[in-house]
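Taking it in order: structure first as structure tokens, then the write-up.
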Amino acid sequence: MIQISNLQYGLGGKSILENINLEIPDGEFVAIIGPNGAGKSTLIKLLLGIWEMQQGSIQTDGINQQEWLKTNIFGYLPQHEEFDRSFPATALDIALMGLAGKLPLATRFKPLHKQAALTALEQTGVADLAKRLIGNLSGGEFQRVLLARAIVGGSRYIILDEPEASLDRPSVESFFALLKSLNEAGHTIITISHDLNVLSRYCSFLVCLNRTLHCHNHTELVSAEIIHNTFGDSVRIIEKDY
Amino acid sequence: MFEYSFMLNALFGALLSGLSLAIFAPYVTLRRISYMGEALSHIAFAGIAIAILLGLNLTFTTLVFVVLISLVIGWLSRKRKLHEANTISIFLSVSMALGIILISISKNYSFDLASYLFGNVLLITGVEIQSLLILNVLNLAFVLVFYKELFYLTYNEEMARVFRIRIAPVSHLFLVLLAANIVINLKSAGIILVTAQLILPAVIAFNFVHSLHRAIVTSAIVAILSATIGFALSYNLNLPTGATIVLFEALIYFLSLNFRGKQNA
Numbered sequence: 186m187i188q189i190s191n192l193q194y195g196l197g198g199k200s201i202l203e204n205i206n207l208e209i210p211d212g213e214f215v216a217i218i219g220p221n222g223a224g225k226s227t228l229i230k231l232l233l234g235i236w237e238m239q240q241g242s243i244q245t246d247g248i249n250q251q252e253w254l255k256t257n258i259f260g261y262l263p264q265h266e267e268f269d270r271s272f273p274a275t276a277l278d279i280a281l282m283g284l285a286g287k288l289p290l291a292t293r294f295k296p297l298h299k300q301a302a303l304t305a306l307e308q309t310g311v312a313d314l315a316k317r318l319i320g321n322l323s324g325g326e327f328q329r330v331l332l333a334r335a336i337v338g339g340s341r342y343i344i345l346d347e348p349e350a351s352l353d354r355p356s357v358e359s360f361f362a363l364l365k366s367l368n369e370a371g372h373t374i375i376t377i378s379h380d381l382n383v384l385s386r387y388c389s390f391l392v393c394l395n396r397t398l399h400c401h402n403h404t405e406l407v408s409a410e411i412i413h414n415t416f417g418d419s420v421r422i423i424e425k426d427y
Numbered sequence: 002m003f004e005y006s007f008m009l010n011a012l013f014g015a016l017l018s019g020l021s022l023a024i025f026a027p028y029v030t031l032r033r034i035s036y037m038g039e040a041l042s043h044i045a046f047a048g049i050a051i052a053i054l055l056g057l058n059l060t061f062t063t064l065v066f067v068v069l070i071s072l073v074i075g076w077l078s079r080k081r082k083l084h085e086a087n088t089i090s091i092f093l094s095v096s097m098a099l100g101i102i103l104i105s106i107s108k109n110y111s112f113d114l115a116s117y118l119f120g121n122v123l124l125i126t127g128v129e130i131q132s133l134l135i136l137n138v139l140n141l142a143f144v145l146v147f148y149k150e151l152f153y154l155t156y157n158e159e160m161a162r163v164f165r166i167r168i169a170p171v172s173h174l175f176l177v178l179l180a181a182n183i184v185i186n187l188k189s190a191g192i193i194l195v196t197a198q199l200i201l202p203a204v205i206a207f208n209f210v211h212s213l214h215r216a217i218v219t220s221a222i223v224a225i226l227s228a229t230i231g232f233a234l235s236y237n238l239n240l241p242t243g244a245t246i247v248l249f250e251a252l253i254y255f256l257s258l259n260f261r262g263k264q265n266a
């Protein structure tokens, strides 16, 4: 379970997150929705420990976030993975990255690590691409490699930042179906998304954010009115039809 | 051509110099920090000037100065106070200005700016060859021991942190060793050759191979070939050694582009 209490965050005098109090129960498929600039990515970066907290607290499994992160990792899939397309890494190398932090400094991967990475690639449906260079993968294939990296470390939590951004429509459907199967296998999924169409079918828990929290509840309890309040007039933009 | 021992020394010097930089070159190229090589070699100028002014050991003082500045640059960019490229440009110009002022204050007119720019491998001493030898051993040990950390640090520093890969000590050590490579190579290679040798062998290597460890080996082979053939050409044609090595390497680069085209087709 993730508990966020009185979280505030500002940048350059501008408030980005205000008074966030949120509980994410285990085993949910959580969608964080909100307009651009609502603080969704900031919330995730604070959760992951990429940015330092200013005020408030986050606890995971009842342990203070900074402490928890010393011995645990979140499976994370960023919105845009910055990399050079000519970088000489294979899909297997990228999947192995999810295990690298578990190995001591200055040690090499062993066959059991490679096997674990291959199993993760198999789970995300791209084991046959293990030896392919990442520059030669399509957007959808690369997303699945990144998902393999997110699950290989054995984290119960998978956090995703707009995974649909770099996918075409059929790939979005199959990607969310894959996330749903991981969710059913026991992972708590937390994803930022703009695609309400997909979310309504796959998500069980909705977090509506627009600098402050507008709702956090099971999907069926969230009304269209609350969503409209979260987005304001920009609601039509996010209800784009493919 | 080896009837003079200094010629043999010079060849060893050119080989070891090229080799030390070639091992770092794939990382420098992939991290797109080739400007770092150029900047640190310019920043060294202020270190040299401080050593001359205070009558200190030239290599040691410059090394300490460049390592300190490179760590400050790393720290400033990590804290997001300044963009790394901007930080480096500021330190580059300030160091050059400081160097010029200090040299003029010290009234040491024997300082040869041209040899600092182009280097002169023919003047290399036994002690300097020993330093280069130690440097090569350190470089090799570094990339072998920290292969995993260096790989992911080079791929994406922020994601490496998210996945708790212990890149911080490796990142610092990388900067320190890079600075040491630049300073120790400066006398024999000069700014121009140091910068070239930190890029060319790696971009040539990546036109032939598509894995990091193979790129390191290929980069080293390119450096050895260029140093040997460039050295022989410069001796026989009576041309400056460093410049001949760079031009020979550039020639291999243009030929390798053709190879890359065929591979991608």
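Line order of the protein sequences matches chains L and A.
Whatever position you read off the first sequence (first residue = 1), add 185 for this note's numbering.
Whatever position you read off the second sequence (first residue = 1), add 1 for this note's numbering.
Note that CB positions come from ideal geometry on N, CA and C, so glycine has one too.
Just so we're clear, the structure is a prediction, and the values are computed from it rather than from any experiment.
With the criterion set as a beta carbon lying under 9 Å from some beta carbon of chain A, the members of the stretch 268-292 of chain L are Phe268, Asp269, Ser271, Phe272, Pro273, Ala274, Thr275, Asp278, Ile279, Leu281, Met282, Gly283, Leu284, Ala285, Gly286, Lys287, Leu288, Pro289, Leu290, Ala291 and Thr292, in sequence order. One thing to note: Phe390/L has its Cβ no nearer than 9 Å to the Cβ of Phe259/L. The beta carbon of Glu203/L does not come within 9 Å of any beta carbon belonging to chain A, so the residue lies off that interface. Under the Cβ criterion (8 Å, minimum of three pairs), the stretch 327-336 of chain L counts as touching the stretch 282-302 of chain L. Less than 9 Å separates the beta-carbon of Ser42/A from that of Thr196/A. Among the residues of the stretch 140-165 of chain A, those with a Cβ less than 9 Å away from any Cβ of chain L are Val146, Phe147, Tyr148, Lys149, Glu150, Phe152, Tyr153, Thr155, Tyr156, Asn157, Glu159, Met160, Ala161, Arg162, Val163, Phe164 and Arg165, in the order of the chain.
With respect to the 9 Å criterion, Ser190/L and Asn257/L are not classified as neighbours on the basis of their beta carbons.
For Phe175/A, there are no C-beta contacts with chain L under 8 Å, since the nearest C-beta of that chain is about 14 Å from it. Counting along the chain, the unbroken beta strand (DSSP E) around Ala216/L starts and ends at Phe214 to Ile218.
Taking 9 Å as the cut-off, the Cβ atoms of Ile253/A and Ser227/A count as close. For the stretch 296-313 of chain L, the set of residues with a beta-carbon nearer than 9 Å to any beta-carbon of chain A is empty.
According to the DSSP assignment, Phe92/A belongs to the alpha helix (DSSP H) that extends over Glu85 to Ser107. Excluding residues up to 5 positions away in sequence, Glu150, Leu154 and Ala161 lie with their Cβ nearer than 6 Å to the Cβ of Ile168/A in the same chain.
When the beta-carbon positions are compared, Gly48/A and Phe66/A come within less than 9 Å of each other. Here Gln193/L carries a strand assignment [DSSP, helix/strand/coil]. Taking a beta-carbon distance threshold of 9 Å, Arg79/A does not count as an interface residue toward chain L. For Phe294/L, the residues of chain A that pass the 8 Å Cβ criterion are Lys149, in the order they occur in the chain. Annotation for Leu233/L: Phe259, Tyr261 and Ile344 place their beta carbon closer than 7 Å to its own, counting only its chain and skipping 5 residues before and after.
For Phe207/A, the closest Cβ of chain L is nearer than 9 Å. For Ile344/L, the pairing in a beta bridge is given by DSSP as Tyr261/L and Ile375/L. Close partners of Ala216/A in chain L (Cβ separation under 8 Å): Pro273. In the structure shown, Asn204/L falls within a strand segment according to DSSP collapsed to helix, strand and coil. Leu297/L is classed as exposed because its beta carbon has fewer than 16 other beta carbons within 10 Å across all chains shown. Restricting attention to Cys388/L, Ser323/L and Leu381/L, the CA atom closest to the CA of Pro220/L is found in Leu381/L.
The Cβ-Cβ distance between Ser18/A and Leu194/A falls below 9 Å. For Ser220/A, there is no enclosing beta strand (DSSP E); the enclosing alpha helix (DSSP H) has its first and last residue at Leu213 to Leu238. By the C-beta density criterion, Gln198/A is buried, having at least 16 other C-beta atoms within 10 angstroms. With a cutoff of 9 Å on beta-carbon distance, Gly191/A and Gly100/A are scored as not near each other. Under DSSP, His403/L forms a beta bridge with Phe390/L. If you check the CB distance, Arg396/L and Ala223/L come in under 9 Å. In the three-state reduction of the DSSP assignment, Lys199/L falls in the strand class. When the Cα atoms are used, Ala312/L and Thr275/L turn out to be separated by approximately 12 Å. At a cut-off of 9 Å between C-beta atoms, Leu352/L does not count as an interface residue with respect to chain A.
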